[in-house]
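Notes follow the structure.
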Amino acid sequence: MTPNILTTVFALSGISGLLAVLLVIAERFLANYGECKVTINDDKELIVQGGSTLLTTLGSEKIFLPSACGGRGTCAYCKCKVVEGAGPVLPTEAPMLTPDDVKNNIRLACQVKVKQDFRIEIPEELFNIKEFKSTITSIRDLTYDIKLVRFELDDPNEISFKPGQYIQVYTEPYGDVKESISRAYSIASPHTEKSYIDLMIRLVPDGICTTWVHQHVSEQQRVKLVGPMGDFYVRDGDGEMIMIAGGSGMAPFVPILHDMKNRGVKRKVTYFFGAVSKRDLFYIDEMKALEQELADFTFVPALSEPAPDDNWDGETGLITQPLANYIRERDMSNAHAYLCGSPGMIHACIIILNKYGITEDRIFFDPFS
Amino acid sequence: MKQTPDEKQILVNFQPGHITQAGFLGTDTRHLHEIIHADAVILARLNISTEQIADKLQILLDTAKAAMESSVTIDDFNVRSTWTKGVLPCPFADPGVHDKVQVTVIRESTGESIVFSQLNIHLIKAHGFFQGVGSNYRLEPEHLVSFLKLTPEVEID
Ligand SMILES: Cc1cc2nc3c(=O)[nH]c(=O)nc-3n(C[C@H](O)[C@H](O)[C@H](O)COP(=O)(O)OP(=O)(O)OC[C@H]3O[C@@H](n4cnc5c(N)ncnc54)[C@H](O)[C@@H]3O)c2cc1C
Ligand code: FES
Ligand SMILES: [Zn+2]
């Protein structure tokens, strides 16, 4: 290479290097986007400081969009209609958007930045989601791996939710975990109790949130909660209700059944609860009491692998077996089914429900992925 | 080697508490690329592909999922899973999320066992990443190949 060419190469790399540095400095110090207006559903207007992502901007205004990847642009939960202001689709969001999304101005709220006025559309029910400061006041073992945790609400000190909905728990840093993360848990206390909520939290091996709750938290721990969320609540109808749960999937059925009791609902309800062995069963007395208190309620626990000393004389096998035996004998044309528990159980039961005439539009469960 | 801001962000994902409680690197101090390269060398010597491993793990995981939380035996492998609602993103920050399914597999003839999750399978298949030494979820390639009884695929001309 001649000295002349070398000089040119160095000069060019020098210039592009300088430009890159200048860009970073400009973004850091000069990019003051000032105040921007975010108009929501052509109705609500927010004046915000520009420069952050739409997800963060809305969060700081206490409007919470779903997120499962912590804003990394990989889960697509934060999809949101941006009518105006977001500019062209970014390379970081393109892989998560379908052609239909792009046509309909759907964007990833965690990737687009608010740098000018925005007009967005979001579902109205998101406005009912609030951030709560709470204090844990009791922690009780329900089984060897499920704890019932009570959170007294400090600020605001009351919650209103539909029986069946869930809430997000925010962890505090602990051990090597330096950041707060959030996880969803179904509310397990009656909705008439507005000053506290109970959650049933099952330990997941090596899980960030459940390890915190099971091994690092004690009473008086302050916890941030965000909710209520979700569409898992009882739909009107007079046909039979089939409820199916396993493990901590019991949680949403507690407020649902209490609500039915309080309202004197006469619908026939059959509740199938799957567990491996007797040590996984809990709330049996509560369910037996509800059998007396509700007009027409039957609780059917089933063990898939009862231990020899369980002395179990109830249903055995996977929960799909007693479920199939029960519904194949009956007219299910008006029945509704409600499911909560492990996604594996939900998948398997939906196949049975479909097979015996309960169509998808009459089957309800929280999304799990 | 200089890292771009994107690379730096990706490396953060592998640390404890960002995506998983203990991160993905264990006590391994090697760079991510070195970990992946060293394991690829082992697999090349054994003439086994990451796809073969991932596909076999997926069969075991799907079998366990179908049994819900009960144990079930397929060939010599006794499998049991827990599938929790919710998803995990990949630390390499590619699109998509992965179900929180964890499986324990016991080889009935030897009593040996391994534990892995759906995310492990993705990491192996898409990135050739078996995790750092010392990670609870590291699957040692050589051990895995013998545990899963994998043999080189015969090429048909
Ligand atoms: C709508 C909804 C309602 C819910 N309600 C409830 C409820 O009422 N009760 C309840 O208990 N749960 C509930 N959940 C589940 C809950 O939100 C959490 O997902 C669950 O508690 C696990 O959270 P975690 O932070 O402990 O685990 P996470 O840390 O998020 O994930 C643990 C998973 O990561 C895997 N893993 C860990 N490290 C690695 C690694 N290095 N490599 C590969 N894989 C690894 C593990 O195998 C395990 O499967 C609900 C979820 C949803 C979506
Ligand atoms: S929060 Fe996951 S993609 Fe936006
Ligand atoms: Zn990936």
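Chains as they are written, first to last, in my numbering: chain B, 1 to 369; chain A, 1001 to 1157.
Ideal placement from N, C-alpha and C gives every residue a C-beta, glycine not left out.
Compute the minimum distance between the beta carbon of residue 67 of chain B and the heavy atoms of ligand 2, and state whether it is under 7 angstroms. yes
Assign residue 372 of chain B to buried or exposed, taking buried as 16 or more other Cβ atoms, counted over all protein chains shown, within 10 Å of its Cβ. No information on residue 372 of chain B is available, as it lies outside the stretch 1 to 369 that chain B covers here.
Could you work out which residues of chain B lie near residue 1086 of chain A, taking near to mean beta carbons separated by less than 8 angstroms? 68, 183, 184, 368, 369
Report yes if the C-beta distance between residue 151 of chain B and residue 228 of chain B is below 8 angstroms; otherwise report no. Inclusion of residue 151 of chain B and residue 228 of chain B in the CB contact set at 8 angstroms is not warranted, their separation being larger than that value.
Could you tell me whether any Cβ in chain B is nearer than 8 angstroms to the Cβ of residue 1070 of chain A? So yes, residue 1070 of chain A belongs to the interface.
Is residue 173 of chain B near ligand 1 - that is, is its Cβ less than 7 angstroms away from at least one heavy atom of it? no
Any contact between the segment 332 to 347 of chain B and the segment 232 to 248 of chain B? By contact I mean 3 or more CB pairs, one from each, below 8 angstroms. yes
Once DSSP output is grouped into helix, strand and coil, what is the label at residue 1106 of chain A? strand
Helix, strand or coil for residue 63 of chain B? Go by DSSP, reduced to three states. coil
Residues within the segment 1015 to 1027 of chain A neighbouring chain B, beta-carbon criterion of under 9 angstroms: 1015, 1016, 1017, 1018, 1019, 1020, 1021, 1022, 1023
Would you mind stating whether residue 1086 of chain A and residue 1065 of chain A have Cβ atoms separated by less than 8 angstroms? no
Which one of B/247, B/259, B/68, B/195 has the shortest CA to CA distance from residue 133 of chain B? B/195
What does the Cβ neighbour count give for residue 308 of chain B, buried or exposed, with the cut at 16 atoms within 10 Å? exposed
Out of B/220, B/352, B/68, which has the shortest C-alpha to C-alpha gap to residue 1096 of chain A? B/68
Which residue spans inside the segment 96 to 179 of chain B form an unbroken beta strand (DSSP E) run of at least 3? 106 to 108, 118 to 121, 130 to 141, 146 to 155, 166 to 170
Give, in chain order, every residue of the segment 1099 to 1116 of chain A whose Cβ lies closer than 9 angstroms to some Cβ of chain B. 1099, 1100, 1101, 1102, 1115
CB contact check: residue 1120 of chain A to chain B, cutoff 8 angstroms: no
Where does residue 221 of chain B sit, in a helix, a strand or coil, going by DSSP? coil
Just to make sure I have the definition right: I need the residues of chain B whose C-beta is within less than 7 angstroms of the C-beta of residue 1095 of chain A. Which are they? 74, 95, 96
Which residues DSSP lists as bridging residue 84 of chain B, in chain order: B/119
Are residue 189 of chain B and residue 168 of chain B closer than 8 angstroms when you measure CB to CB? no
When the Cβ atoms of the segment 315 to 322 of chain B are set against those of the segment 345 to 365 of chain B, are three or more pairs found closer than 8 angstroms? yes
Give the residues whose C-beta lies closer than 6 angstroms to at least one heavy atom of ligand 3, in chain order. A/1090, A/1092, A/1094, A/1122, A/1126, A/1127
Between residue 21 of chain B and chain A, is any beta-carbon pair separated by less than 8 angstroms? No answer about residue 21 of chain B holds up, because its pLDDT of 49 lies below 50 and its placement is not dependable.
Rounding to the nearest angstrom, what Cα-Cα distance links residue 355 of chain B and residue 366 of chain B in this structure? Going from the Cα of residue 355 of chain B to the Cα of residue 366 of chain B covers about 21 angstroms.
Check whether the Cβ of residue 72 of chain B lies closer than 7 angstroms to any heavy atom of ligand 2, and answer yes or no. True, at least one ligand heavy atom lies under 7 angstroms from that Cβ.
Tell me whether residue 21 of chain B sits in a helix, a strand or coil according to DSSP, three-state version. With a pLDDT of 49 at residue 21 of chain B, under the threshold of 50, the modelled position of this residue cannot be trusted; read the value that follows with caution. Three-state DSSP puts residue 21 of chain B in a helix.
Where DSSP assigns a beta bridge to residue 198 of chain B, which residues make up the other side? DSSP output for residue 198 of chain B lists B/150 as bridge partner(s).
Cβ of residue 281 of chain B less than 8 angstroms from any chain A Cβ? no
Nearest chain A C-beta to residue 237 of chain B closer than 8 angstroms, yes or no? no
Please name the residue or residues paired with residue 1080 of chain A in a DSSP beta bridge. A/1104
Under 8 angstroms (Cβ pairs) to chain A, residues found in the segment 210 to 236 of chain B: 211
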